Amino acid sequence: MKTSRLFISFSDIKGVTLVSGKEYSLDTGDIIIYSIYLPNFIDFKANLSQFLNSPELKKAKRYYKEIDRNRFIIYRSILKLLLGAYTKSDIKNIYLDYDFNKKPYLASHPWLHFNISHSEDYAAIAFSRKKVGLDIEYLSNDFKFTDLFPDIFDDHERLVIQNADDKKNAFYTLWTRKEAFVKALGKGIDEDFKYIPCVEGQHNLDFKLVKNTQNWQVYSFDFAEHYLAAVAFEGLPSTSGNQVLYIIPDSMEILLEMTQRKNY
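To get the working numbering, take the position in the sequence shown, counting from 1, and add 6.
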């Protein structure tokens, strides 16, 4: 039986503020994550809209609530700015394609893997030369997460949550791990979601479950106050490279600097 390994653990990734002059490049093992506090960019909405094409602007208009329209404009435009910076491409030449599970990718630059997640006031984007998945979640006090137990956790995982001192934190820790991993796999949430491992430690993965023979890593980390995150990517811990969390400041100067990267 074909199997691969999955390593799940915690990470002490700490956020550092993005500064002017950063070089946008990726080494083989790099996992670079960008944090966007969406309310900080509301005043820049008109400036950021110019980086969206007609289909993207139409998609923004389809959101019923203004806050959701604004959030989409902000995180989609910053995603495109970052894609332009990493590929040294003009923003007008950045067109997102989608796979069968609606996961976006750049057909023009298949070496660049990225994933975006958003929850309440935050969005986050991960970049890598490896397949990568990212999930952030707001730790809601109103969400009755126990209702989901039968559909998304096995017996052992339910016991881990039920026996935890902080059950809400335990739930979101395991939930974000599953989400990040299936996003890295490109599977999305399906009937196999319940069987995706999420408890800390090493796991053997059946080929039938993940449909590949790659080894994987998943790391949980504190993303912001009242937010948890998990990032999943290919490879063994022994080959892990640089993992950085950049906090994007509310500065149009720094954002526009991304558009000024010269072509190769």
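Using N, Cα and C, we set each Cβ at its ideal position, and we do this for glycine too. In this text the structure is predicted, and so the values were computed from the model without any measurement.
Have a look at the DSSP bridge pairing and note the partners of residue i.
{"i": "residue 124", "result": "129"}
{"i": "residue 110", "result": "104"}
{"i": "residue 210", "result": "11"}
{"i": "residue 228", "result": "234"}
{"i": "residue 252", "result": "22, 40"}
{"i": "residue 139", "result": "238"}
{"i": "residue 144", "result": "233"}
{"i": "residue 16", "result": "226"}
{"i": "residue 119", "result": "134"}
Please identify the residue among the options whose C-alpha is closest to the C-alpha of residue i.
{"i": "residue 178", "options": "64, 204, 10", "result": "204"}
{"i": "residue 194", "options": "220, 106, 73, 144", "result": "106"}
{"i": "residue 11", "options": "230, 263, 225, 221", "result": "221"}
{"i": "residue 80", "options": "140, 256, 167, 168", "result": "256"}
{"i": "residue 4", "options": "258, 262, 265", "result": "Past the boundaries of the shown model lies residue 4; the chain is included only from 7 to 270, so the question cannot be answered."}
{"i": "residue 173", "options": "190, 266, 155, 189", "result": "155"}
{"i": "residue 90", "options": "115, 165, 76", "result": "115"}
{"i": "residue 13", "options": "262, 213, 266, 209", "result": "209"}
{"i": "residue 206", "options": "176, 196, 230, 213", "result": "176"}
{"i": "residue 88", "options": "57, 167, 144, 213", "result": "57"}
{"i": "residue 117", "options": "218, 35, 226", "result": "35"}
{"i": "residue 145", "options": "86, 230, 84, 32", "result": "230"}
{"i": "residue 32", "options": "86, 134, 96", "result": "134"}
{"i": "residue 141", "options": "73, 65, 180, 113", "result": "180"}
Within the same chain, show all residues whose beta-carbon is closer than 7 Å to that of residue i, passing over the 5 residues directly before and after it, in chain order.
{"i": "residue 215", "result": "198, 201"}
{"i": "residue 249", "result": "17, 19, 37"}
{"i": "residue 269", "result": "Because residue 269 carries a pLDDT of 40, less than 50, the predicted location of this residue cannot be relied on, and the following value inherits that uncertainty. Only 94 meet the Cβ criterion."}
{"i": "residue 104", "result": "110"}
{"i": "residue 53", "result": "258"}
{"i": "residue 157", "result": "200"}
{"i": "residue 265", "result": "87, 90, 97"}
{"i": "residue 137", "result": "119, 190, 239, 240"}
Between which residues of its own chain and residue i is the CB-CB distance below 6 Å, once the five residues before and five after are set aside?
{"i": "residue 260", "result": "26"}
{"i": "residue 40", "result": "131, 252, 254"}
{"i": "residue 184", "result": "202, 204"}
{"i": "residue 77", "result": "44"}
{"i": "residue 30", "result": "91, 92"}
{"i": "residue 227", "result": "17, 19, 235"}
Short of 8 Å in beta carbon distance, which residues of its chain neighbour residue i, apart from the five on each side in sequence? Order them along the chain.
{"i": "residue 139", "result": "121, 132, 185, 186, 187, 188, 189, 190, 191, 237, 238, 239"}
{"i": "residue 23", "result": "252, 253, 255"}
{"i": "residue 170", "result": "176"}
{"i": "residue 85", "result": "120, 122, 131"}
{"i": "residue 168", "result": "none"}
{"i": "residue 211", "result": "9, 10, 11, 12, 203, 222"}
Given the structure, does residue i come close to the ligand GTP, in the sense that its CB is under 7 Å from one of the ligand's heavy atoms?
{"i": "residue 129", "result": "This structure does not include the ligand GTP; it has no bound ligands of any sort."}
Is there at least one Cβ from chain C nearer than 8 Å to residue i's Cβ?
{"i": "residue 30", "result": "Given the protein chain composition of this structure (a single chain), no chain C is represented."}
- request: Mind the definition here: the segment 239-253 touches the segment 58-76 only if three or more C-beta pairs lie below 8 Å; say whether that holds.
  value: no
field: Segment contact, 8 Å Cβ cut-off, at least three pairs: the segment 121-140 with the segment 154-161
entry: no
query: Between the segment 147-157 and the segment 46-64, are three or more C-beta pairs nearer than 8 Å?
result: no
message: In chain order, what are the residue ranges of uninterrupted alpha helix (DSSP H) at least 4 long that sit wholly in the segment 168-223?
response: 173-191, 213-216
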